[in-house]
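In the working numbering, each residue carries its 1-based index in the sequence shown increased by 4.
Have a look at the structure below, then the notes.
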Amino acid sequence: MNARLPLIGLLAVQVIIGFEWFMSGLTKLVRGGFPSGLADELTEKSEGIGGWYRDFLDDVVIPNATGFGYLIELSELAVGIALIAAALTWLRAWERIGAGGRTAVLAVTMLAAAGGILMNVAFHLANGSAHPWLIPGDGFDEGVDLDSLMPAIQLVLAAVSAGTWLGLRRERQALTFATPHSASGVLP
5 MNARLPLIGL
15 LAVQVIIGFE
25 WFMSGLTKLV
35 RGGFPSGLAD
45 ELTEKSEGIG
55 GWYRDFLDDV
65 VIPNATGFGY
75 LIELSELAVG
85 IALIAAALTW
95 LRAWERIGAG
105 GRTAVLAVTM
115 LAAAGGILMN
125 VAFHLANGSA
135 HPWLIPGDGF
145 DEGVDLDSLM
155 PAIQLVLAAV
165 SAGTWLGLRR
175 ERQALTFATP
185 HSASGVLP
């Protein structure tokens, strides 16, 4: 059990991050008005940014904000559900599922974490926020905002999942090469 404590801790963090995504998407969906108000919100929040991302917002996102709003709601819900379900599956059923199931759990975690990172970076850039390593402009501001912290955490989740997947793959290859084969190539 003690050997599993770091894994349980990491999976608890994964559930918390998943819960944050799920609640964010659910709140947008239940409260309503997010898709229809996204263009105005982006126009207001992004006034201070410049360069390629401002052009992207002005030319692509803002004119199609309603569609992007629905996509954001569904993506946040999907990332949240995927991270929570994958963590709970790993905790409760890892030993019972086969290699394909384990690969699926790891793939879901990696894809959900990558989707979360993409959304966090996009939200951070759209807000025109200062970079996380700069001193906040006000004593009441946070040192690192959630859209800056979550990508780092999700990167760890994706990296651990990728490392675990590679380890499982090496184990399967080692078993394949260690199994004696007959001259015909068919197992005895």
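Don't be surprised by glycine CBs; every beta carbon is placed ideally from N, CA and C.
Short check: CB of glycine 84 to CB of phenylalanine 23, under 8 Å?
yes
Close Cβ partners of proline 10 (< 7 Å) along its chain, the five nearest in sequence each way excluded:
none
Go ahead and pull the three-state DSSP assignment for leucine 94.
The question names leucine, but residue 94 is tryptophan in the sequence shown. In this structure, tryptophan 94 counts as helix in the three-state DSSP scheme.
Where the alpha helix (DSSP H) containing aspartate 62 begins and where it ends:
It is not in any alpha helix (DSSP H) - aspartate 62 carries neither H nor E in the DSSP assignment.
Which of helix, strand or coil DSSP assigns to arginine 8
helix
Are the beta-carbon atoms of valine 32 and asparagine 131 separated by less than 8 Å?
A small fix is needed here, since residue 32 is lysine in this sequence, not valine. Not in contact: lysine 32 and asparagine 131 (Cβ atoms no closer than 8 Å).
Hey, out of Ala116, Leu95, Gly104 and Val65, whose CA is closest to alanine 86's CA?
Ala116
Given threonine 107 as reference, the closest of Leu42, Thr168, Trp56 and Gly29 once Cα atoms are compared
Thr168
Return the residue from the list Glu175, Arg35, Leu61 and Trp56 that minimises the CA-CA distance to aspartate 44.
Leu61
Once the 5 residues before and after glutamate 80 are set aside, which same chain residues still bring their CB inside 6 Å of it?
Trp25, Ser28 and Gly29
Measuring from the CB of glycine 73, is there a heavy atom of the ligand NAP at a distance below 7 Å?
No copy of the ligand NAP appears in this structure; indeed no ligand is present at all.
Return the chain-ordered list of same chain residues with a C-beta closer than 7 Å to the C-beta of tyrosine 57, the five sequence neighbours on each side being excluded.
Leu129
Among Leu159, Ala111 and Met123, which has the Cα closest to the Cα of leucine 170?
Ala111
Which term fits glycine 73, buried or exposed, when burial requires 16 or more other beta carbons within 10 angstroms of its beta carbon?
buried
Can the beta-carbon of alanine 90 be found less than 8 Å from the beta-carbon of valine 109?
yes
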